[in-house]
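*Asks:* Protein chains in written order, with the working numbering: chain R, 1 to 353; chain U, 354 to 855. C-beta atoms are modelled at their ideal positions from N, C-alpha and C, and glycine is treated no differently.
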Amino acid sequence: MPHWNKYLNLSAGPLLSIIVAMLIGAVFILAIGHNPLDVYYLLFSETLGNSYGIGQVLFKATPLIFTGLSVAIAFKAGLFNIGAEGQLNIGAFASAWAGFTFVSLPWYLLIPLSILAAFAAGAFWASIAGALKAKFGSHEVINTIMLNFIALALVSYLVNNVYLVPATIHTPGISPNAVLARFDIITGLFKGSPFNISFLIALAACIFMFYLIKITPLGYEITTLGFNRNAARYAKMNISRLTVAGLALAGGFAGLGGMNFVNGYKHYFEIGFSENAGYVGIAVALIARNNPFAVIAVAIFFGVLEYGGLTINTMVPKEIVTILQGLIILLVISLSYLFDKKNFRIKHSPAIG
Amino acid sequence: MSQEPAIVMEGITRIFGEDFKANDSIDFRVRKGTIHALVGENGAGKSTLMNILYGLLSPTYGTIRINGLEKNINSPREAISLGIGMVHQHFMLIETLTVLENIILGDESTGPFGRLDLSKAAEKVSALLKSFRISIDLNEKVENLAVGVQQKVEILKVLYRNADILILDEPTAVLTPQETDVLFDTLEELKSIGKTIILISHKLLEVLSVSDYITVLRHGKVTGNLKTSETSKEEISVLITGDEFKDSLQQEFRSAGEIVLEVKGLSVLNDKKFETVKSVSFELRAGEILGIAGVEGNGQSELIEAICGLRQMSSGSIKIDGQSIQNTTPVSLIPSDKLKFAMVKEYDITGNILLGRQNEEQFSKALAINYDRLRRFSEQLIEEYDIRPSDPDIKIGSLSGGNQQKVVAARELSKNASLIVAAHPTRGLDIKASAFVHGTLLKQKTKAVLLVSSDLNELLKLSNRIAVIYNGKITGLFETNETNEKELGMYMTGMRTMNNEL
């Protein structure tokens with residue numbers, strides 16, 4: 001029982017703030033002359049009220065789980081990973097590249113290879129930022145932001161110049177053996193939604209992070225570094241190595257996030273596919289307080305907002321939907337601290353600097 | 354005396370949580386123009402009582418009268434307006450500002466358009482200095498001042514706000530004997546012009562030498578109200594601890610064994626690349642405790658870090674058990690700032706026991722920490738060191754300072770290392786806990802102990818030999834029974850130095 005209380009306490013803040021955010025959103029909706037109850041009813045009934053909607057929500061949530069984990073594991077090490085967007089793109093491209101290059105491999109080799117390629121490419125990309133920090137002390141926030149620009153330009157160059165398919169902005173298609181099956185085909189549920197197996201990979205990644213943090217010596221060192229850098233140094237932990245490792249893991253998680261689109265949906269890499277999932281991952285990790293299982297719940301909530309935004313598009317203009325989404329994210333992040341009973345955990349989130 | 358007391362606190366009870374009484378119907382009276390000491394172990398309720406008086410906490414029950422008038426004090430601001438000022442143990446000064454700027458901070462007088470009017474403030478502070486016969490350069494930056502002078506600035510900050518009642522929290526903890534004497538002169542001076550002073554302390558000799566009255570707290574209750582001239586150290590000790598606790602530990606002469614630590618011509622740079630340890634040499638044998646005396650910031654922390662393999666040396670050599678030190682050489686290290694360097698307050702006791710030992714085979718395999726074994730080991734240490742509460746799953750941040758320190762000591766001393774480096778191992782601990790730590794260090798007969806401290810009593814009690822470090826150099830080395838506090842104090846402040854190189 002006391003455990004239930006603990007989880008109740010932890011989730012009370014975010015839940016209360018979602019309610020307040022929706023109340024404030026209601027004022028906006030009223031201001032443009034609509035009934036907020038109608039809009040919210042539509043939003044929830046279209047997202048959670050039918051199996052297609054649920055599929056769409058989970059499809060949207062899948063990359064956010066990965067990017068949320070990415071930001072969360074970096075936070076655990078006291079590092080602020082703004083670079084999930086770039087890592088996601090690099091990883092997605094690598095996964096597509098493996099899929100359209102090794103076309104002759106059977107699925108049981110090609111899928112693990114694609115996973116490996118996505119993880120390794122994202123990890124490599126993020127560890128550049130880690131190495132720069134470890135070696136020269138340059139701040140990871142700047143490093144990861146700059147690497148985002150480079151990553152997006154790099155994949156764009158590769159798609160437009162090296163692996164081009166004329167008159168498109170995507171790569172050649174991947175081998176059918178690299179495809180992650182859609183649940184509607186396997187189960188008959190979620191008819192018409194591209195919700196696919198990569199969601200299971202996302203859940204596995206959450207379990208992996210939980211295990212890593214709780215059980216392994218590396219996880220212990222990472223959290224020690226995040227909580228108290230001085231104590232980590234005095235405990236003779238290799239801070240440079242941990243900085244690189246923390247960001248590499250972050251990049252790996254983000255890198256896997258692209259498989260949802262590449263291997264599960266369109267079966268090619270397309271420029272701009274990520275729709276800022278890397279940046280939304282920051283919000284996911286903040287609200288989930290870096291807990292890998294809370295990341296799943298928060299990512300699903302964001303999935304509701306993203307897909308729900310599309311469903312209410314018929315009633316309210318697109319811009320209002322975007323404002324509403326931004327407002328809710330902003331309020332949830334600010335208010336969940338305010339409503340948190342054991343207050344002012346803000347100091348636990350890593351300081352910038 | 355018919356005069357109203359400056360402070361009357363009556364029936365003060367403060368309950369934390371469900372039923373923990375940090376203060377339990379305390380009556381506390383302080384006469385005007387006296388120095389009144391408040392003594393007791395850590396956790397006896399001294400800080401709670403003073404925080405109530407200073408408006409940082411509100412009492413659950415009880416009343417407070419200041420100069421005869423009943424008052425509710427809800428914030429430090431209100432306390433200050435009632436003439437109550439507090440000098441904290443940890444200075445709250447901004448090092449890059451001048452003395453004057455620090456004194457007026459938060460209470461600045463401004464000219465037109467909000468321009469800071471320093472000259473008006475300077476006049477007022479100069480007048481203060483004159484009336485209290487304190488001399489200090491107002492335009493000097495605080496970072497350039499000795500600790501004792503910084504403390505004067507703290508006291509001036511309080512006086513500048515017209516305080517008549519000064520609360521000083523463990524003011525001598527950071528001072529050399531000479532600085533302590535100066536502080537006590539200042540306190541006498543303040544008393545003579547009618548200021549009332551409350552002194553929180555656990556150093557009984559000091560309390561006896563400077564105070565007029567003493568109130569003893571134990572477990573949140575008053576166990577004694579004494580007139581200093583009519584009491585003794587023994588009587589107060591009994592009131593503090595509740596029994597005839599005698600701290601009779603003393604270093605005994607022992608024949609020293611093999612050389613454990615050999616430092617030769619060691620120079621070390623600090624983070625800003627200044628050489629803060631300058632060509633230091635000494636050796637330390639098994640069974641021996643070598644004290645390093647010095648005012649903080651004279652190179653001690655860099656010296657310790659170099660010996661423990663945490664900081665590169667710029668020249669010289671360090672050998673432990675005849676081997677040049679490597680990253681893996683185990684050393685038991687109890688650093689001076691435990692909270693900052695030796696624990697993770699978000700972890701439970703178990704997690705803190707693992708800190709620094711995460712690579713030991715007994716606790717970790719490649720992919721999993723052996724939490725079962727670690728837990729059993731933690732439970733063993735909790736029992737052996739009497740850590741309370743005895744729950745290995747409790748967060749260390751919620752333990753008292755003494756128990757936190759015990760966790761650090763337990764972890765470090767249970768390491769398989771032949772050298773123990775302990776810096777201020779009893780800072781902030783009460784009598785019993787200090788005695789426990791001292792006893793534990795004295796028990797290490799097969800190991801060598803390097804004891805770094807600015808508390809000379811501690812050094813004289815425990816060490817076989819004492820080296821004094823000043824400005825990065827070892828300026829004196831003494832057999833403990835051939836020196837005394839005054840002499841060491843002279844070396845610590847650089848007034849004396851030995852000519853011959855060590």
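Is the separation between the beta-carbon of G408 of chain U and that of I365 of chain U shorter than 8 angstroms?
*Replies:* no
*Asks:* Check whether chain U comes within 8 angstroms of N230 of chain R, counting only Cβ atoms and requiring the distance to be less than that.
*Replies:* Taking Cβ atoms only, chain U reaches closer than 8 angstroms to N230 of chain R, which makes this a yes.
*Asks:* Taking C-beta pairs closer than 7 angstroms, name the residues in chain U that E221 of chain R reaches, listed in chain order.
*Replies:* The answer, in chain order, is Q711.
*Asks:* What separation, rounded to the nearest whole angstrom, lies between the Cα atoms of A762 of chain U and V790 of chain U?
*Replies:* 8 angstroms
*Asks:* Could I get the ranges of all uninterrupted alpha helix (DSSP H) runs contained in the segment 776-839 of chain U, with 4 residues as the minimum, in chain order?
*Replies:* Runs of the alpha helix (DSSP H) spanning 4 or more residues and lying entirely within the segment 776-839 of chain U occur at 784-796, 809-815, in chain order.
*Asks:* Taking the Cβ atom as the reference point for each residue, do A131 of chain R and E140 of chain R lie within a distance shorter than 8 angstroms?
*Replies:* no
*Asks:* Using three-state DSSP, classify R664 of chain U as helix, strand or coil.
*Replies:* coil
*Asks:* List, in order along the chain, the chain U residues whose C-beta lies closer than 8 angstroms to that of F61 of chain R?
*Replies:* Inspection of the sequence shows that residue 61 of chain R is occupied by Ala rather than by Phe. In chain order: nothing, as chain U lies at least about 29 angstroms away.
*Asks:* Using alpha carbons as the reference points, say which of R:S17, R:I29, R:A12 lies closest to T322 of chain R.
*Replies:* R:I29
*Asks:* What residues of chain R sit near K759 of chain U, judged by a beta carbon separation below 8 angstroms?
*Replies:* What K759 of chain U touches in chain R: nothing, since even the nearest Cβ is about 17 angstroms away.
*Asks:* In the DSSP assignment, find the beta strand (DSSP E) that holds V575 of chain U and state where it starts and stops.
*Replies:* 574-580
*Asks:* Under the rule that 16 or more other beta-carbon atoms within 10 Å means buried, what is Y268 of chain R, buried or exposed?
*Replies:* buried
*Asks:* Looking at chain R, is there any beta carbon in it that lies within less than 8 angstroms of the beta carbon of A623 of chain U?
*Replies:* Residue identity differs from the one stated: residue 623 of chain U is Asn in this sequence, not Ala. Not one chain R Cβ lies under 8 angstroms of N623 of chain U.
*Asks:* So, does the CB of F119 of chain R fall closer than 8 angstroms to a CB anywhere in chain U?
*Replies:* no
*Asks:* What is the DSSP secondary structure of N196 of chain R, counted as helix, strand or coil?
*Replies:* strand
*Asks:* Three-state secondary structure (DSSP) at L752 of chain U?
*Replies:* coil
*Asks:* P742 of chain U to L637 of chain U, Cα distance in whole Å?
*Replies:* 36 angstroms
*Asks:* Identify, in the order they occur along the chain, each residue of the same chain with its Cβ nearer than 6 angstroms to the Cβ of T533 of chain U, setting aside the five sequence neighbours on each side.
*Replies:* Result list for T533 of chain U: T525, in chain order.
*Asks:* Considering only their Cβ atoms, is the gap separating V500 of chain U from V527 of chain U smaller than 8 angstroms?
*Replies:* Taking 8 angstroms as the Cβ cut-off, V527 of chain U and V500 of chain U qualify as a contacting pair.
*Asks:* What is the residue span of the alpha helix (DSSP H) that G246 of chain R lies within?
*Replies:* 239-256
*Asks:* For G644 of chain U, report the span of its beta strand (DSSP E) as first-last.
*Replies:* 642-646
*Asks:* Leaving out five residues on either side along the sequence, give the residues of the same chain with a beta carbon under 7 angstroms from the beta carbon of S462 of chain U.
*Replies:* In its chain, beyond the 5 residues on either side, D470, K473, A474 have a beta carbon closer than 7 angstroms to the beta carbon of S462 of chain U.
*Asks:* Using 8 angstroms as the Cβ pair cut-off and three pairs as the minimum, do the segment 836-853 of chain U and the segment 666-683 of chain U touch?
*Replies:* No, because fewer than three Cβ pairs between the segment 836-853 of chain U and the segment 666-683 of chain U fall closer than 8 angstroms, the two stretches do not touch.
*Asks:* N404 of chain U: buried (16+ other C-beta within 10 angstroms of its C-beta) or exposed?
*Replies:* buried
*Asks:* Spell out whether any CB of chain U is found under 8 angstroms from the CB atom of N343 of chain R.
*Replies:* Reliability of the predicted coordinates at N343 of chain R is poor, the pLDDT of 41 falling under 50, and the value obtained from them is presented with this limitation in mind. Chain U, which has no Cβ nearer than 8 angstroms to the Cβ of N343 of chain R, makes this no.
*Asks:* Evaluate F466 of chain U with the Cβ neighbour count: other Cβ atoms within 10 Å of its Cβ, from every protein chain shown; 16 or more gives buried, anything less gives exposed.
*Replies:* exposed
*Asks:* Quick check: is the beta carbon of V697 of chain U nearer than 8 angstroms to any beta carbon in chain R?
*Replies:* yes
*Asks:* For the segment 664-686 of chain U, enumerate the residues whose C-beta is nearer than 9 angstroms to any C-beta of chain R, in chain order.
*Replies:* N680, T681, L686
*Asks:* Taking the alpha-carbon of N177 of chain R as reference, which of R:T224, R:L212, R:F119, R:F102 has the nearest alpha-carbon?
*Replies:* Checking every option, the nearest Cα to that of N177 of chain R belongs to R:F102.
*Asks:* At what residue ranges does the segment 465-529 of chain U contain a whole run of the beta strand (DSSP E), taking only runs of 3 or more?
*Replies:* When DSSP assignments are scanned along the segment 465-529 of chain U, the uninterrupted stretches of beta strand (DSSP E) that are 3 or more residues long and fall wholly within it turn out to be 518-522.
*Asks:* Among the candidates U:K574, U:L519, U:E541, U:F694, whose CA atom is the shortest distance from the CA of V563 of chain U?
*Replies:* U:E541
*Asks:* Could you name the residues of the same chain whose beta carbon sits closer than 8 angstroms to that of L646 of chain U, not counting the 5 residues immediately before and after it, in chain order?
*Replies:* One detail in the question is off: residue 646 of chain U reads as Ala in this sequence, not Leu. Leaving aside the five residues that flank A646 of chain U on each side, the residues in its chain whose CB is nearer than 8 angstroms to its CB run, in chain order, S806, S807, L809, L812, I819, A820, V821, I822, L841, Y844, M845.
*Asks:* Can you tell me where the beta strand (DSSP E) holding M439 of chain U begins and where it ends?
*Replies:* Note, M439 of chain U: beta strand (DSSP E), 437-440.
*Asks:* Could you check whether L212 of chain R and G219 of chain R sit closer than 8 angstroms to each other, using their CB atoms as the reference points?
*Replies:* Contact flag set, yes.
*Asks:* Say whether chain U places a C-beta atom closer than 8 angstroms to the C-beta of K318 of chain R.
*Replies:* no
*Asks:* Check for me: the alpha helix (DSSP H) holding I735 of chain U runs from which residue to which?
*Replies:* 724-737
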